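Chemist:
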Amino acid sequence: MSNTALVFTLAFILLTIVLAKWQKVGLEKDILIGTVRAAIQLIGVGYILHILFSVETWYFIISLLSVMIIIATYNAANKWKELKGFRWHIGFAITITETITMGLIILLDIVEPTAQNIIPISGMIIGNSMVVSGLFLNRLRLEMDAKNDEIKVYLALGATSKEAFKDIKRSTVKASMIPIIDGMKTVGIVQLPGMMTGMIIAGASPMDAVRYQLLIMYSLTASSAMTSIILGILVHSLLFNKSHQLICYNQ
31 MSNTALVFTL AFILLTIVLA KWQKVGLEKD ILIGTVRAAI QLIGVGYILH
81 ILFSVETWYF IISLLSVMII IATYNAANKW KELKGFRWHI GFAITITETI
131 TMGLIILLDI VEPTAQNIIP ISGMIIGNSM VVSGLFLNRL RLEMDAKNDE
181 IKVYLALGAT SKEAFKDIKR STVKASMIPI IDGMKTVGIV QLPGMMTGMI
231 IAGASPMDAV RYQLLIMYSL TASSAMTSII LGILVHSLLF NKSHQLICYN
281 Q
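Every position in the sequence shown, counted from 1, becomes a number in my numbering once 30 is added.
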């Protein structure tokens with residue numbers, strides 16, 4: 031794609047702004063800010079990746095992945111700022127998920143352990159874990175709002191905090207995993223995934239694109255499960271104390 035063609039893609043943003051203004055949804059400023067930020071961030075990352083791909087230094091790779099995890103953690107934690115201390119749990123969950131998922135990919139020799147492979151795949155894993163964490167927090171907040179009194183009744187009747195929280199944890203974990211599972215059910219029928227489409231447009235064989243897309247989808251499914259389950263385990267200590275009392279909950 032030429033630079034001229036890239037400039038022409040702004041026509042889609044113009045169309046979005048016109049539609050938003052027509053319907054008076056008040057998103058014109060956010061759209062403009064998002065457009066500028068996306069361009070600056072992606073161009074900046076492009077230059078950074080160009081340097082990293084040529085250097086191939088593990089120190090730089092790990093540093094970049096650490097920055098990505100920190101940013102993803104803060105973004106996900108903003109979904110429920112009142113839940114104090116959960117930011118650290120999200121960071122831990124994303125770090126463990128990225129380490130295990132990427133570790134298996136390298137250990138099983140699925141892709142070569144180069145910066146050109148590790149960084150893009152890790153970015154998708156970390157980004158997916160961030161989305162899962164946000165979905166987890168949103169659903170957890172809704173469940174706690176709806177079932178706060180029910181939990182207190184369970185505790186008053188002698189149930190342990192884990193017993194009172196069990197159904198909420200199960201439904202929250204399930205809700206945060208539904209999007210990736212639904213995506214697997216319809217991929218290739220309803221839509222062609224972005225990575226696969228990009229590879230085909232770039233000239234790769236469709237079957238090579240399919241193989242890489244399956245790798246991404248399967249690894250993202252595993253990372254979704256790991257992230258949500260880890261968060262489900264860790265959040266218990268922020269909601270209940272050792273005496274099985276409900277604590278640190280603000281509606």
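Backbone N, C-alpha and C fix where the C-beta goes; we use that ideal spot for every residue, glycine too.
Please read these numbers as outputs of a predicted model, since none were measured by experiment.
#1: Below 8 Å between beta carbons: does that hold for SER152 and ALA106?
#2: Can you pull the DSSP bridge partners for PHE38?
#3: Please report the residue range of the alpha helix (DSSP H) in which ASP139 lies.
#4: Tell me the DSSP secondary structure of LEU57 in three-state form.
#5: Taking the alpha-carbon positions, what's the ILE135 to VAL203 distance?
#6: LYS111 lies in the alpha helix (DSSP H); which residues open and close that run?
#7: Helix, strand or coil for VAL217 per DSSP?
#8: I'd like to know if the region 211–221 and the region 81–95 are in contact, where contact means that at least 3 CB-CB pairs between them fall below 8 Å.
#9: For the alpha helix (DSSP H) containing VAL97, name the first residue and the last one.
#10: Classify LEU276 as helix, strand or coil using the three-state DSSP reduction.
#11: For MET229, which of THR216, GLN243, LEU170 and MET132 has the nearest alpha-carbon?
#12: Under 8 Å by Cβ, that's how I've got THR131 and SER253 pegged, so tell me the actual separation to the nearest angstrom.
#13: When the Cα atoms are used, what is the spatial distance from GLY157 to LEU269?
#14: Between the Cα of THR39 and those of THR216, LYS51, LEU57 and THR65, spot the shortest distance and give me the residue it belongs to.
#15: Hey, could you find the ends of the alpha helix (DSSP H) THR251 is sitting in?
#16: May I have the straight-line CA-CA distance separating ASN168 from VAL161, to the nearest angstrom?
#17: Could you say which of LYS109, GLY115, GLY76 and GLY121 lies nearest to VAL97 if we only look at CA atoms?
#18: How big is the Cα-Cα spacing for ALA239 and ILE219?
#19: May I ask which residues mark the beginning and end of the alpha helix (DSSP H) holding ILE150?
#20: To the nearest angstrom, how far is it from the Cα of PHE195 to the Cα of ALA189?
#21: Let me check understanding here. Comparing Cα to Cα, which of GLY76, LEU185 and SER206 lies closest to ILE149?
Modeler: Short version:
#1: On the sequence shown, residue 152 is found 122 positions in, with the first residue counted as 1. On the sequence shown, residue 106 is found 76 positions in, with the first residue counted as 1. No, Cβ-Cβ distance for SER152 and ALA106 is not below 8 Å.
#2: If you number the sequence shown from 1, residue 38 lands on position 8. Note: PHE38 sits in no beta bridge, so no partner.
#3: Along the sequence shown, read from residue 1 onward, the residue named residue 139 stands at position 109. First-last for ASP139: undefined, no H or E at that position.
#4: As a first step, residue 57 is located in the sequence shown; it is residue number 27 there, counting from the start. In the structure shown, LEU57 sits in coil (DSSP, three-state: anything other than H, G, I, E or B).
#5: Walking along the sequence shown from the start, residue 135 turns up at place 105. Walking along the sequence shown from the start, residue 203 turns up at place 173. Those two C-alpha atoms are separated by around 24 Å.
#6: The residue given as residue 111 occupies position 81 in the sequence shown. That residue, LYS111, is in no alpha helix (DSSP H); it is neither H nor E in DSSP.
#7: Translated into the one-based positions of the sequence shown, residue 217 becomes position 187. Reduced to three states, the DSSP call for VAL217 is strand.
#8: no
#9: Locating residue 97 in the sequence shown gives position 67, where the first residue counts as 1. First-last of the alpha helix (DSSP H) with VAL97: 88–107.
#10: What you label residue 276 is simply residue 246 of the sequence shown in a count that begins at 1. DSSP places LEU276 in strand when its eight states are reduced to three.
#11: To locate residue 229, count along the sequence shown from 1; it is residue 199. Ranking THR216, GLN243, LEU170 and MET132 by Cα distance to MET229 puts GLN243 first.
#12: Taking the first residue of the sequence shown as position 1, residue 131 is located at position 101. Taking the first residue of the sequence shown as position 1, residue 253 is located at position 223. Yes, THR131 and SER253 are in contact; Cβ-Cβ is about 5 Å, under 8 Å.
#13: As a working mapping, residue 157 is identified with position 127 in the sequence shown. As a working mapping, residue 269 is identified with position 239 in the sequence shown. Cα-Cα distance, rounded: 26 Å.
#14: Against the sequence shown, residue 39 aligns to sequence position 9. The residue with the shortest Cα to Cα distance from THR39 is THR65.
#15: In the sequence shown, counting from the first residue as 1, residue 251 sits at position 221. That run of the alpha helix (DSSP H) goes 236–264.
#16: Taking the first residue of the sequence shown as position 1, residue 168 is located at position 138. Taking the first residue of the sequence shown as position 1, residue 161 is located at position 131. ASN168 and VAL161: Cα-Cα distance of roughly 11 Å.
#17: If you number the sequence shown from 1, residue 97 lands on position 67. The option with the nearest alpha carbon to VAL97 is GLY121.
#18: Against the sequence shown, residue 239 aligns to sequence position 209. Against the sequence shown, residue 219 aligns to sequence position 189. Spanning the two alpha carbons is a distance of roughly 16 Å.
#19: Here residue 150 refers to the residue found at position 120 when the sequence shown is read from its first residue. At residue 150 the sequence reads Pro, which differs from the Ile that was named. 145–186 is the span of the alpha helix (DSSP H), which, as asked, contains PRO150.
#20: For this step, residue 195 is matched to residue 165 along the sequence shown. For this step, residue 189 is matched to residue 159 along the sequence shown. Roughly 10 Å separates the two Cα atoms.
#21: Taking the first residue of the sequence shown as position 1, residue 149 is located at position 119. Residue GLY76 is the option with its Cα nearest to ILE149.
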